[in-house]
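Convert by adding 91 to the 1-based position in the sequence shown; the result is the number in our numbering. For each residue, glycine too, the CB sits at the ideal point set by N, CA and C.
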Amino acid sequence: MSRNGRDDLGDWPRRAVEWHILLREEDNDPDVVRHFEMWRAADPARDAEWRDVVRTMGLLKAIPDEALPIPVPTMRTYWKKRWKRRLPKIGMGVLASTAIAGIMVLIGPDMLLYWQADYLTGRQETRILELADGSQATLAPESAVALDFLDGHRHVRLLKGEALFTVHHDTEHPFSVLAGHLTITDVGTVFDVRLESRHETTVGVREGRVSVQENSLRSPLIILDAGEQAQLRDHHLYTSTIEPGEVGLWSRGLLVAHDQPVAEVAAALQHYIPHGKLFVYGEKLRAERVTGTYPLTEPEKAFETLAEGQKARVFHATPWLTVMTN
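Below is the structure:
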């Protein structure tokens with residue numbers, strides 16, 4: 092007999108993670124198992140979701156207790172309480188992200204950056220650097236640079252993140268920025284450089300002009316004027332136009348998205364969240380494209396606005412993980 096007196100799935104759990112908790116709590120009670128098998132057999136997608144949850148639980152067990160943000164027994168109790176309060180549930184992707192987020196919190200910044208960088212910023216932190224030649228560099232959150240201003244040199248290495256440069260022009264001493272596989276050289280300008288990985292870098296020009304060279308010389312040198320940007324992907328440079336006033340707009344507390352995936356916008360907001368992880372659950376939702384302007388001074392509110400535009404909801408899965416899901 093079911094809990095509501097009928098032989099159907101009326102009030103029984105609707106998600107695999109809820110079934111996982113219930114089966115453990117009820118010690119595989121035959122009635123619970125029977126209804127679980129009915130739920131699982133009703134749709135192939137449910138079976139796939141169940142397999143994801145089982146794999147996730149195996150992943151969590153494989154991570155040492157000290158690497159998790161809270162002890163495993165406490166984590167289990169936490170999820171049980173959330174289920175009993177009938178709050179939203181999620182599957183493999185989010186549970187795995189909970190563990191990964193905990194690991195990242197404990198590991199902290201990459202120690203190698205401390206050896207290489209002259210200046211670094213943390214989460215939510217922007218920093219204006221007044222350089223020795225009169226130029227200025229504004230570092231975005233979670234960014235790092237190394238400087239070489241000796242013997243007439245004016246070289247900056249962007250080791251991580253993003254920086255907006257306002258350059259004091261000097262024809263005898265070119266100002267250059269090395270970011271991943273790109274070298275950007277000033278021709279008297281204000282420009283922004285974002286290093287996403289060693290093989291993916293974006294350069295945008297607000298004022299003046301820069302030259303951009305792919306260091307392996309697979310792509311020819313290009314010149315960017317105000318309102319133009321270049322992106323290095325797969326060792327090729329792609330150019331496009333941009334409103335000059337939008338270049339480096341993050342330094343004024345605004346994030347502008349133009350037909351970008353939701354996951355990409357969420358990743359940009361992540362740098363402005365004081366702690367924890369923002370996660371967009373579901374490949375379809377992650378790939379949805381959005382256009383809009385979001386306040387970086389209120390990143391949590393911006394994340395909720397982003398969700399509302401996709402008719403999604405936001406909830407706190409754990410104190411370290413905020414989730415957007417349909």
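Once DSSP output is grouped into helix, strand and coil, what is the label at residue 121?
In the sequence shown, counting from the first residue as 1, residue 121 sits at position 30. In this structure, residue 121 counts as helix in the three-state DSSP scheme.
Compare the beta carbon distance of residue 257 and residue 267 with 7 Å and say whether it is the shorter of the two.
As a working note, residue 257 is residue 166 in the sequence shown. As a working note, residue 267 is residue 176 in the sequence shown. Contact: no.
Between residue 210 and residue 247, which are expected to be in contact by the criterion C-beta below 8 Å, what is the C-beta distance as a whole number of angstroms?
The count along the sequence shown starts at 1 and reaches residue 210 at position 119. The count along the sequence shown starts at 1 and reaches residue 247 at position 156. Not a contact, Cβ separation roughly 10 Å.
DSSP on residue 154, reduced to helix/strand/coil?
Translated into the one-based positions of the sequence shown, residue 154 becomes position 63. In this prediction, residue 154 has a pLDDT of 42, which is less than 50 and means its spatial position is unreliable; what the coordinates show is noted afterwards. If DSSP states are grouped into helix, strand and coil, residue 154 belongs with coil.
Hey, would you say the C-beta of residue 386 is under 6 Å away from at least one heavy atom of the ligand MG?
As for the ligand MG, it is missing from this structure, which has no ligand bound.
Checking 7 Å against the spacing of the C-beta atoms, do residue 302 and residue 330 come in under that value?
Residue 302 sits at position 211 when you count from the first residue of the sequence shown. Residue 330 sits at position 239 when you count from the first residue of the sequence shown. Cβ atoms of residue 302 and residue 330: not closer than 7 Å.
Evaluate residue 283 with the Cβ neighbour count: other Cβ atoms within 10 Å of its Cβ, from every protein chain shown; 16 or more gives buried, anything less gives exposed.
Taking the first residue of the sequence shown as position 1, residue 283 is located at position 192. Residue 283 is buried by the Cβ-count criterion.
Can you give me the C-alpha to C-alpha distance between residue 151 and residue 368, rounded to a whole angstrom?
As a working mapping, residue 151 is identified with position 60 in the sequence shown. As a working mapping, residue 368 is identified with position 277 in the sequence shown. With a pLDDT of only 46 at residue 151, under the threshold of 50, the placement of this residue in the model should not be trusted; the figure read from the coordinates follows. Roughly 17 Å separates the two Cα atoms.
In the structure shown, what three-state DSSP assignment does residue 94 receive?
Numbered from its first residue, the sequence shown carries residue 94 at position 3. Confidence in residue 94 is poor, its pLDDT being 43 and thus under 50, which makes the residue's placement too unreliable to answer from.
Helix, strand or coil for residue 209 per DSSP?
Counted from its first residue, the sequence shown places residue 209 at position 118. DSSP places residue 209 in coil when its eight states are reduced to three.
Candidates 360, 281 and 245: closest to residue 337 by CA position
Start at 1 with the first residue of the sequence shown, and residue 337 comes out as number 246. Taking only the C-alpha atoms, the option nearest residue 337 is 281.
Neighbourhood of residue 403 by C-beta, 7 Å cutoff - its chain only, sequence neighbours within 5 removed:
Residue 403 sits at position 312 when you count from the first residue of the sequence shown. Spatial neighbours of residue 403 in its own chain (CB-CB distance under 7 Å, excluding positions within 5 residues in sequence) are listed in chain order as 376, 415, 416 and 417.
Unbroken alpha helix (DSSP H) run spanning residue 396, endpoints:
Position 305 of the sequence shown, counting from 1, holds the residue named residue 396. Unbroken alpha helix (DSSP H) run through residue 396: 390–400.
For the pair the region 310–317 and the region 340–358, tell me if three or more CB-CB distances fall below 8 Å.
no
Quick check: what's the CA-CA separation for residue 311 versus residue 304?
Stepping through the sequence shown from its first residue, residue 311 is reached at position 220. Stepping through the sequence shown from its first residue, residue 304 is reached at position 213. Going by the C-alpha atoms only, they are around 7 Å apart.
Which one or two residues does DSSP pair with residue 298 in a beta bridge?
To locate residue 298, count along the sequence shown from 1; it is residue 207. In the DSSP output, where bridge partners are listed per residue, residue 298 has 281.
What's the call for residue 130, buried or exposed, on a 16-neighbour Cβ count within 10 Å?
Here residue 130 is taken as the residue at index 39 of the sequence shown, counted from 1. Burial call: buried.
Boundaries of the beta strand (DSSP E) in which residue 245 is found, first to last residue:
Numbered from 1 along the sequence shown, position 154 holds the residue referred to as residue 245. It is not in any beta strand (DSSP E) - residue 245 carries neither H nor E in the DSSP assignment.
Starting from residue 218 and walking both ways along the beta strand (DSSP E), at which residues does that stretch end?
Here residue 218 refers to the residue found at position 127 of the sequence shown. It spans 218–221 - the beta strand (DSSP E) in which residue 218 sits, taken as one unbroken run.
Quick one: using the 10 Å Cβ neighbour count with 16 as the cut-off for buried, is residue 107 buried or exposed?
Locating residue 107 in the sequence shown gives position 16, counting from the first residue. By the neighbour-count rule (16 or more Cβ atoms within 10 Å), residue 107 is buried.
Among the residues of its own chain, which have a CB less than 8 Å from the CB of residue 226, if the five just before and after it don't count?
Here residue 226 refers to the residue found at position 135 when the sequence shown is read from its first residue. Around residue 226: 245, 256, 257, 258, 259 and 266.
Contact under 7 Å by Cβ, residue 297 with residue 335
The residue given as residue 297 occupies position 206 in the sequence shown. The residue given as residue 335 occupies position 244 in the sequence shown. In this structure, residue 335 lies closer than 7 Å to residue 297 by Cβ.
Once the 5 residues before and after residue 214 are set aside, which same chain residues still bring their CB inside 8 Å of it?
For the purposes of this step, residue 214 is taken as the residue at position 123 of the sequence shown. Taken in chain order, the residues that qualify are 232, 233, 362, 363, 364, 365 and 366.
Going residue by residue through the region 330–382, where are the continuous alpha helix (DSSP H) segments of at least 4 residues, counting only ones entirely within it?
Here the runs fully enclosed are 353–361 and 374–378.
Looking at the structure shown, is residue 272 part of a helix, part of a strand, or coil, going by DSSP?
Counting from one through the sequence shown, the residue named residue 272 turns up at place 181. DSSP places residue 272 in coil when its eight states are reduced to three.
Under 7 Å between C-beta atoms of residue 270 and residue 238:
Counting from one through the sequence shown, the residue named residue 270 turns up at place 179. Counting from one through the sequence shown, the residue named residue 238 turns up at place 147. Contact flag unset, no.
Distance check for residue 391 and residue 347, CA to CA, integer angstroms please.
Residue numbering aside, residue 347 sits at position 256 when the sequence shown is read from its first letter. Residue numbering aside, residue 391 sits at position 300 when the sequence shown is read from its first letter. Those two C-alpha atoms are separated by around 16 Å.
Does residue 111 come out as helix, strand or coil in the three-state DSSP assignment?
The residue you call residue 111 lines up with position 20 of the sequence shown. Reduced to three states, the DSSP call for residue 111 is helix.
Please confirm whether residue 253 and residue 289 have their CB atoms less than 7 Å apart.
By 1-based counting over the sequence shown, the position of residue 253 is 162. By 1-based counting over the sequence shown, the position of residue 289 is 198. Cβ atoms of residue 253 and residue 289: not closer than 7 Å.
Going by DSSP, name the residue or residues bridged to residue 316.
If you number the sequence shown from 1, residue 316 lands on position 225. According to DSSP, which records beta bridges pairwise, residue 316 is partnered with 300.
Which same chain residues, not among the five before or five after residue 386, have their C-beta less than 6 Å away from its C-beta?
Translated into the one-based positions of the sequence shown, residue 386 becomes position 295. Closer than 6 Å at the Cβ level, and outside the excluded window around residue 386, lie 393.
For residue 265, name the three-state secondary structure that DSSP assigns.
Taking the sequence shown and counting its residues from 1, one reaches residue 265 at position 174. Correct three-state label for residue 265: coil.
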